[in-house]
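Undergrad:
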Amino acid sequence: MAESGDERRSERSGETPEATRGDGDGRDPFDYPRHWEADVVLADGRPVHLRPIVPTDADRIVALHARLSERTRYLRYFGAYPRIPARDLRRFTTVDHHDRVAFVTLLGDDIVAVGRYERLSESSAEVAFVVDDAHQGRGLGSILLEHLAAAASECGLRRFVAEVLAENAAMTRVFRDAGYQVSRAFEEGLLHLEFDIDPTEESLAVARAREQAAEARSVHNLLHPRSVAVIGASTDSTKIGYAVLSNLLAADFAGPVYPVNPEHVAVRGVRAYPSVLDIPDPVDLAVVSVPADQVEAVLDGALAKGVQTLVIVSAGFAEAGPHGLHAELRLVGEARAHGMRVVGPNALGVLNTDPAVRLNATLAPKLPGRGRTGFFCQSGALGIAILADAEARGLGLSTFVSAGNRADVSGNDLLQYWETDPRTDVVLLYLESFGNPRKFARLARRLARSKPVVAVKSGRHAVRPQLAATSTEIDESSVQALFEQAGVVRVDTLAQLFDTALVFANQPLPSGSRIGIVGNSSAIALLAADTARAQGLSLGAEPVDVGSQASPDAFASAVGQALSSPEVDALVVVFVPPVATPGTAYARALRETVRAAQLAPAAPEKPIVSTFLAAEGVPAELAVTDDGGTVEFGSIPSYPSPERAVNALARVARYAEWRRRTQGALARPGDLHPERAQEIVRDLAGDDTVVVPVDDMVRLLDCYGIRVVAFRVVSGEDDAVAAAAELGYPVTLKAFDDTLRDRPDLAGVRLDLSSADSVRVGYRGLREVSGLDDVYVQRMAPKGVSCAIGLQDDPSFGTLVSFGLSGVVSTLLGDQAFRAVPVTDVDAATLVREPRTAPLLTGYRGDEPADLAALQDLVLRVAALAEDHPEVRSLALDPVLASPEGAFVTNARVVLGPSPSRPDTGPRRLRQIGTPRGEAGGQNPDGSTA
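Numbering follows this note's numbering, with no gaps: position 190 of the sequence shown is 436.
(1) Measure the C-alpha to C-alpha separation of residue 1006 and residue 994 and round it to an integer number of angstroms.
(2) Assuming residue 588 and residue 654 are in contact, meaning their beta carbons sit under 8 Å apart, how far apart are those beta carbons, in whole angstroms?
(3) For residue 1011, report the span of its alpha helix (DSSP H) as first-last.
(4) Residue 1059 by DSSP, collapsed to three states: which one?
(5) Which runs of the beta strand (DSSP E) fall wholly inside the segment 522-574 and span at least 3 residues, in chain order?
(6) Between 997, 1088, 904, 1052, which lies nearest to residue 1026 when the distance is taken from Cα to Cα?
(7) From the DSSP output, in three-state form, read off residue 303 for me.
(8) Alpha carbon to alpha carbon, how far is residue 762 from residue 1091?
(9) Let me check one thing: in DSSP terms, what residues is residue 363 bridge-paired to?
(10) What separation, rounded to the nearest whole angstrom, lies between the Cα atoms of residue 478 and residue 1152?
(11) Let me know the secondary structure DSSP gives residue 1041 once reduced to three states.
(12) May I ask you to report which of helix, strand or coil DSSP gives residue 842?
(13) Report the option in 515, 551, 516 whose CA atom is closest to the CA atom of residue 532.
(14) With distances taken between CB atoms, is the gap from residue 453 to residue 437 smaller than 8 Å?
(15) Spatial neighbours of residue 514 within its chain, please: C-beta separation below 8 Å, excluding the five flanking residues on both sides.
(16) What does the Cβ neighbour count give for residue 311, buried or exposed, with the cut at 16 atoms within 10 Å?
(17) In the DSSP output, which residue or residues are listed as bridge partners for residue 413?
(18) Can you tell me whether residue 663 sits near the ligand NAP, meaning its C-beta is under 7 Å from at least one heavy atom of the ligand?
(19) Enumerated in chain order, which unbroken segments of the alpha helix (DSSP H) with a length of 4 residues or greater are wholly contained in the segment 385-452?
(20) Roughly how many angstroms lie between the CA atoms of residue 377 and residue 601, to the nearest whole one?
(21) Which residues does DSSP list as the beta-bridge partners of residue 285?
(22) Just mark residue 858 as buried or exposed, buried being the case when its beta carbon has 16 or more other beta carbons within 10 Å.
(23) Just mark residue 1042 as buried or exposed, buried being the case when its beta carbon has 16 or more other beta carbons within 10 Å.
(24) Please tell me whether residue 1008 and residue 999 are closer than 8 Å, where the distance is taken between their beta carbons.
(25) In terms of residue numbering, what span does the alpha helix (DSSP H) encompassing residue 1103 cover?
(26) Just checking, does the segment 813-828 make contact with the segment 779-796 on the three C-beta pairs under 8 Å criterion?
(27) Give me the DSSP bridge partner(s) of residue 924.
(28) Taking only runs that begin and end inside the segment 931-999, name each unbroken alpha helix (DSSP H) of 4 or more residues, in chain order.
(29) For residue 930 versus residue 677, is the C-beta distance shorter than 8 Å?
(30) Based on the DSSP secondary-structure assignment, which residues constitute the bridge partners of residue 672?
(31) Would you mind working out which of 1134, 1010, 952 sits nearest residue 1106, comparing C-alpha positions?
(32) Kindly list the residues whose CB is nearer than 6 Å to the CB of residue 584, restricted to its own chain and excluding five residues on each side of it in sequence; keep chain order.
(33) Suppose the cutoff is 7 Å on Cβ atoms and the five residues either side in sequence are ignored; what does the same chain contact list for residue 714 look like?
(34) Of the choices 657, 553, 669, whose alpha-carbon is the least far from that of residue 703?
(35) Only counting the same chain, and skipping five residues up and downstream in sequence, which positions put a Cβ closer than 7 Å to that of residue 1054?
(36) Name the DSSP beta bridge partners of residue 1139, please?
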């Protein structure tokens, strides 16, 4: 809304547009960086498309200007400015995408906001915005500022300035609330604002908070519609359109339901409409159940109607082959560009059990009751079985979403929603692949601090065709590292998922890992005890066997005593019904005793699991219910076997221990020079991967305080002796060939050479073995334990820091630990202690401990390098000699390549849906996104 300095100077001095255009270097105004395009979610949960401006946007800019109120024009241009002169219009729409950059946000074919910057000097630029009056208050200014700041940083700018009318409080608030340190100066009714655009902790936190609020609102719109249309509603009971409509009506949805069927006046007794456009009232949610080849026509009507969210249960898209994938990407691109989110295609549907909503837009014939567990599932077919299983076990749900092909709405969107949903306490995920696992790690880690997240990750060795466009296969060690670091409880099967969820949903978290066991069978109690020890739990007291003939009161008394013991953090109750007394009497006695113990003043919270009557889930006798019969917190879950009960409790105990653990802080060591490193990376990186030459590698690592022990490359005996004298004895000689250096028999290495003669002998030996004249001469590092620190990157998953001891045995056993970037100080400390061979670093059998602090510092430096420069696709520091004197890097290798395609950095954006719109530039030749 502030006028750019270039525009004011041009109008006041009478300069021609060419003199101020900023594209004198001949840059093509249509050729902009394609990664600057993005779909973004606004504060109200609706998406828009953002891209750089092009000359063919001129008519849209004129149309936007015509829609602006006189007040908005005054605030933007510091005057009336009723129309845009041709000279200014050309300058507005023809930019060089470097010194002069402008972004437009489009809703359909209409531009609803423009943000631009114009370079003032080598490091600063003036920034300005204007937003359509009808779309002000949706967060467009903040979105544009984030994307402009990112583009400016790429172009070498470090600072934004703006001049704003003092009365323009809205524009001032955009800058102030963005988290930057803004300096202000006031003169003659104008505010002069300046701020550095490098991200700060505050600006990143603001952006993340806005992202969470916007994406959560987007899912809220999906799960809380005021009206629902079923497009393809059918009178044929064998059709999915019949099932969807029937389930909506059976659930007694709180708002109006509109069947859409051109052939019938009514469906299931509800008036039908020929098309969604014929519905007289607004439609928030449309469930689409027509054949795949008709969905595009349905989309056109939904877009025209202004539908907020589309749930597509129809199949025949990405899972059907390349043509289906192309149709799917085109459909989602169009939907987003017109402000609509999409669930599916090939989805089971969505469910919200909130009594104020009562939404069942799914195909599932059996539904669980109301509860406080949210469930996200990718598979539609499996979703039916999942819902039936949840119902059978008595696990109530708050919300359920089956995303099918996950073309748009994904598990990450649901994580954002559940974080602040007051009706959800536990989150369950069935994942077949990751769309943006970097973002998943960040969101899950934040969510798991307040709500347990339990996940099944299937598809370990294959990815379904319909998910291939939005996922990449990830090795198991990477997945496990991702889950553990994020605090996600990972299970292998759906049975384990429900076993664990029942404890989380009904019982408190334990304060420790000590368990008590009470039962009427010593054999079953022994099974429970053995399983507990195997799972890392300890027995706080000896198992209590009340005997097979104990009365319900005696049984309940033993349970009460175990609960009151200060040596017990959790309780396992195992029960075999006696012949004489009905088992239900014992169950009621157990429930009432536990309830009384939990309600006692200052009673510690202790979870209880049971093996009762061979029941699975929450049997009625062990359930605590409200007036409506809904199972509530405090109910006691039961399992068919003691092993399953204890295994579920062990997972909950490990999660509780993770919650108690210090989270740590993102730590960056001092003495880092990322700008200097970026210059090196920019000079070397290209379209293909490249191994960084030795000298450049040393310079790059040095920018992050990673010092390689001094060495020289020599090509002759005399040179080797001279280099040894320069470096100082003792030295080591290493073959130039990596394969020789890494051999277990050290055939390519000569160690601890302390004289010129030994250097000559060593050089001749290496030359004979390798057949090469070139040899490394390196100063000997202090003797220590040989370790390896590395980076491995996947285009979808992100960067992992690995640590382990060097050597064939560690490699064969896979004895490495992993942490995902970014790394906290606690992550670094636990990483170097996690491998099974790590005791060798801490004084095993009387050896002097290595300097673990030095290893941790090295890990943090490697992580900082990876975070700052995603072009570093792999790195290996091997060996690193860890000794009491420190950690010494004696060999390193760095590989650069194109940046990963799905980073979790930069300005807010939705996950890219595949190929950009249009042929190559993301828009059609006329600049539209249609």
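Ideal Cβ positions, reconstructed from N, Cα and C, are used throughout, including at glycine. Here the structure is a predicted model, which is why all the values come from computation and not from measurement.
TA: So, from the data block:
(1) Residue numbering aside, residue 1006 sits at position 760 when the sequence shown is read from its first letter. Residue numbering aside, residue 994 sits at position 748 when the sequence shown is read from its first letter. Cα to Cα, the separation comes out at about 15 Å.
(2) For the purposes of this step, residue 588 is taken as the residue at position 342 of the sequence shown. For the purposes of this step, residue 654 is taken as the residue at position 408 of the sequence shown. So it is a contact: roughly 4 Å between Cβ atoms.
(3) In the sequence shown, counting from the first residue as 1, residue 1011 sits at position 765. Note, residue 1011: alpha helix (DSSP H), 1002-1016.
(4) For the purposes of this step, residue 1059 is identified with residue 813 of the sequence shown, where counting begins at 1. Helix, per DSSP.
(5) 531-534, 555-558
(6) On the sequence shown, position 780 is the one that residue 1026 refers to. The shortest C-alpha separation from residue 1026 is found at 997.
(7) Position 57 of the sequence shown holds residue 303. Three-state result, residue 303: helix.
(8) Working through the sequence shown from its first residue, we reach residue 762 at position 516. Working through the sequence shown from its first residue, we reach residue 1091 at position 845. Going from the Cα of residue 762 to the Cα of residue 1091 covers about 36 Å.
(9) The residue you call residue 363 lines up with position 117 of the sequence shown. DSSP lists 347, 373 as partners of residue 363.
(10) Residue numbering aside, residue 478 sits at position 232 when the sequence shown is read from its first letter. Residue numbering aside, residue 1152 sits at position 906 when the sequence shown is read from its first letter. So the two alpha carbons sit approximately 41 Å from each other.
(11) Here residue 1041 corresponds to residue number 795 of the sequence shown, with the count starting at 1. With a pLDDT of 49 at residue 1041, under the threshold of 50, the modelled position of that residue is not reliable, and the figure given next carries that caveat. It is coil, neither helix nor strand.
(12) In the sequence shown, counting from the first residue as 1, residue 842 sits at position 596. Looking at residue 842 - three-state DSSP - the assignment turns out to be helix.
(13) Within the sequence shown, numbered from 1, the residue matching residue 532 stands at position 286. Of 515, 551, 516, the residue nearest in Cα terms is 551.
(14) Within the sequence shown, numbered from 1, the residue matching residue 453 stands at position 207. Within the sequence shown, numbered from 1, the residue matching residue 437 stands at position 191. Cβ atoms of residue 453 and residue 437: not closer than 8 Å.
(15) By 1-based counting over the sequence shown, the position of residue 514 is 268. Cβ within range, chain order: 479, 481, 488, 491, 492, 495, 505.
(16) Position 65 of the sequence shown, counted from the first residue, corresponds to residue 311. Counting Cβ neighbours within 10 Å, residue 311 comes out buried, since at least 16 surround it.
(17) Along the sequence shown, one-based indexing puts residue 413 at 167. Residue 413 pairs with nothing; no bridge assigned.
(18) The ligand NAP is not part of this structure, which contains no ligands at all.
(19) 386-400, 415-422
(20) As a first step, residue 377 is located in the sequence shown; it is residue number 131 there, counting from the start. As a first step, residue 601 is located in the sequence shown; it is residue number 355 there, counting from the start. In a straight line, the C-alpha of residue 377 is about 39 Å away from that of residue 601.
(21) Taking the sequence shown and counting its residues from 1, the one referred to as residue 285 is at position 39. In the DSSP output, where bridge partners are listed per residue, residue 285 has 295.
(22) Indexing the sequence shown from 1 puts residue 858 at position 612. Residue 858 is buried by the Cβ-count criterion.
(23) The residue given as residue 1042 occupies position 796 in the sequence shown. Caution is warranted here: a pLDDT of 48 is assigned to residue 1042, below 50, making its placement in the model unreliable, and the coordinate value is therefore given only provisionally. Answer is buried; the Cβ neighbour count reaches 16.
(24) As a first step, residue 1008 is located in the sequence shown; it is residue number 762 there, counting from the start. As a first step, residue 999 is located in the sequence shown; it is residue number 753 there, counting from the start. Yes. Within cutoff.
(25) As a first step, residue 1103 must be located in the sequence shown, where it is residue number 857. Per DSSP, residue 1103 belongs to the alpha helix (DSSP H) from 1098-1114.
(26) yes
(27) Here the question's residue 924 lines up with position 678 in the sequence shown. Partner(s): none; residue 924 has no beta bridge.
(28) 940-948, 963-973, 984-987
(29) Taking the sequence shown and counting its residues from 1, one reaches residue 930 at position 684. Taking the sequence shown and counting its residues from 1, one reaches residue 677 at position 431. Contact: no.
(30) Here residue 672 corresponds to residue number 426 of the sequence shown, with the count starting at 1. DSSP output for residue 672 lists 619 as bridge partner(s).
(31) Residue 1106 sits at position 860 when you count from the first residue of the sequence shown. Ranking the options by Cα distance to residue 1106, first place goes to 952.
(32) Mapped onto the sequence shown, residue 584 falls at position 338. Around residue 584: 354, 549.
(33) Position 468 of the sequence shown, counted from the start, is the residue given in the question as residue 714. Summary for residue 714: the model assigns pLDDT 46, below 50, so the residue's position carries little reliability; its value from the coordinates is reported in the next sentence. Correct list: empty, nothing qualifies.
(34) Sequence index remark: in the sequence shown, residue 703 carries index 457 (1-based). Taking only the C-alpha atoms, the option nearest residue 703 is 657.
(35) On the sequence shown, residue 1054 is found 808 positions in, with the first residue counted as 1. Excluding residues within five positions, the ones whose Cβ falls inside 7 Å are 990.
(36) Position 893 of the sequence shown, counted from the start, is the residue given in the question as residue 1139. According to DSSP, residue 1139 bridges with 1122.
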